[in-house]
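In order, the protein sequences belong to chains Y and D. The opening residue of the first sequence carries number 1 in this note's numbering; numbering runs sequentially from there. The opening residue of the second sequence carries number 1001 in this note's numbering; numbering runs sequentially from there. Even glycine gets a Cβ: it sits at the ideal position worked out from N, Cα and C.
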Amino acid sequence: AQKVTQAQTEISVVEKEDVTLDCVYETRDTTYYLFWYKQPPSGELVFLIRRNSFDEQNEISGRYSWNFQKSTSSFNFTITASQVVDSAVYFCALSEARRGSEKLVFGKGTKLTVNP
Amino acid sequence: DGGITQSPKYLFRKEGQNVTLSCEQNLNHDAMYWYRQDPGQGLRLIYYSQIVNDFQKGDIAEGYSVSREKKESFPLTVTSAQKNPTAFYLCASSLSPQGNSNQPQHFGDGTRLSIL
């Protein structure tokens, strides 16, 4: 069975600090996809990144970066120089890479509060 | 603008009443999904549909029903059999997988359902 664990329930930082959100996953599939979503207070989920299991290159997008390590089954998310607008709940999710199996399994989320 | 529209934003249900949550998308996506989110929890899949006139149960389908008569619409009915319906409901859609490449799901703004 697939499972996603986000051990950090809540994190609070001061603006301009760097912060890393952890994500550990379990799957028996050799091919799978990992995702990060942001849920601001307004409620909608905003897609941030998709990574397939064959691509272990780290990715950087502005202040956001992702570190995928298959050896530890982790897909961590770092925000550099955090800003108040980064305050949100962040979800890590996993899906199988088989047609007809696009269901997402979500972690319970990490609530990030960035204080001015 | 293309997107996913959920209505209403807030909904109240009386005991023994069925209520229907609307989800419409104009992204020309094939697949649509319904998730339930409880406080401090991740999203759990209720139902999903990959093509018109076909849908599958997710992890927590009991007490819910759906239909997919049109590509752009995937309404969710919360029946009186659902004993604990108070939650935040999110609808999502995605393109069909391209080869073995799962496409990201895009989400609506959600409907908050409460019991009167």
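> Who pairs with Y/Val-114 in a beta bridge, going by DSSP?
Replying inline: Y/Val-114 is bridged by DSSP to Y/Val-13.
>> So, does the segment 1103 to 1110 of chain D touch the segment 44 to 57 of chain Y, judging by three or more C-beta pairs under 8 angstroms?
In response: Counting Cβ pairs under 8 angstroms, three or more are found: they touch.
> Which word fits D/Asn-1018, buried or exposed, when buried means at least 16 other C-beta atoms lie within 10 angstroms of its C-beta?
Replying inline: Looking at its Cβ environment, which holds fewer than 16 other Cβ atoms inside 10 Å, D/Asn-1018 is exposed.
> Y/Leu-34 and Y/Phe-68 look like a contact to me (Cβ under 8 angstroms); what is the Cβ gap, rounded to whole Å?
Replying inline: For Y/Leu-34 against Y/Phe-68, the beta-carbon gap comes to about 7 angstroms, under 8 angstroms, which counts as contact.
> Would you report the Cα separation of Y/Ala-1 and Y/Asp-29, rounded to the nearest angstrom?
Replying inline: Here the alpha carbons of Y/Asp-29 and Y/Ala-1 stand approximately 9 angstroms from one another.
>> Just checking: is the beta-carbon of D/His-1029 within a distance shorter than 8 angstroms of some beta-carbon in chain Y?
In response: D/His-1029 does not count as touching chain Y.
> Roughly how many angstroms separate the alpha carbons of D/Cys-1023 and Y/Lys-38, rounded to a whole number?
Replying inline: So the two alpha carbons sit approximately 20 angstroms from each other.
>> For a cutoff of 8 angstroms on Cβ pairs, would you count D/Tyr-1123 as touching chain Y?
In response: Given that chain D is displayed from residue 1001 to residue 1116, the structure contains no residue 1123 of chain D and the question cannot be resolved.
>> Measuring alpha carbon to alpha carbon, tell me which residue in D/Asp-1038, D/Leu-1043, D/Gly-1003, D/Lys-1070 is nearest D/Phe-1055.
In response: Nearest C-alpha to D/Phe-1055: D/Lys-1070.
>> Output needed in chain order: residues of the segment 102 to 113 of chain Y with a Cβ under 7 angstroms from some Cβ in chain D.
In response: The residues in question are Glu-102, Lys-103, Leu-104, Phe-106, Gly-107, Lys-108, Gly-109.
> How would you label Y/Ser-82, buried or exposed, when you count the other beta carbons within 10 angstroms and need 16 or more for buried?
Replying inline: Buried is the call here.
> Which word fits D/Arg-1036, buried or exposed, when buried means at least 16 other C-beta atoms lie within 10 angstroms of its C-beta?
Replying inline: Label assigned to D/Arg-1036: buried.
>> What does the alpha-carbon distance come out to for the pair Y/Asn-17 and Y/Ile-11?
In response: Here the sequence assigns Glu to residue 17 of chain Y, which means Asn is not the residue at that position. Spanning the two alpha carbons is a distance of roughly 12 angstroms.
> Should D/Ala-1031 be labelled buried (16 or more other beta-carbon atoms within 10 Å of its own) or exposed?
Replying inline: Burial is judged here by how many other beta carbons sit within 10 angstroms of a residue's own beta carbon; D/Ala-1031 has at least 16 and is buried.
> To the nearest whole angstrom, what separates the beta carbons of D/Ser-1065 and D/Thr-1086, a pair I think is in contact under 8 angstroms?
Replying inline: That belief does not hold up - the Cβ atoms of D/Ser-1065 and D/Thr-1086 are roughly 18 angstroms apart, past 8 angstroms.
>> Can you tell me whether Y/Thr-80 is helix, strand or coil according to DSSP?
In response: In this structure, Y/Thr-80 counts as coil in the three-state DSSP scheme.
>> By the 8 angstroms beta-carbon criterion, what residues does the segment 1039 to 1052 of chain D contribute toward chain Y?
In response: Within the segment 1039 to 1052 of chain D, the residues whose Cβ lies closer than 8 angstroms to some Cβ of chain Y are Gly-1040, Gln-1041, Gly-1042, Leu-1043, Arg-1044, Leu-1045, Tyr-1048, Gln-1050, listed in chain order.
> Straight-line CA distance for D/Asn-1028 to D/Leu-1095?
Replying inline: Separation of D/Asn-1028 and D/Leu-1095 (C-alpha to C-alpha, rounded to the nearest whole angstrom) is 8 angstroms.
>> Please confirm whether Y/Ser-53 has its beta-carbon closer than 8 angstroms to some beta-carbon of chain D.
In response: Output row for Y/Ser-53: interface = no.
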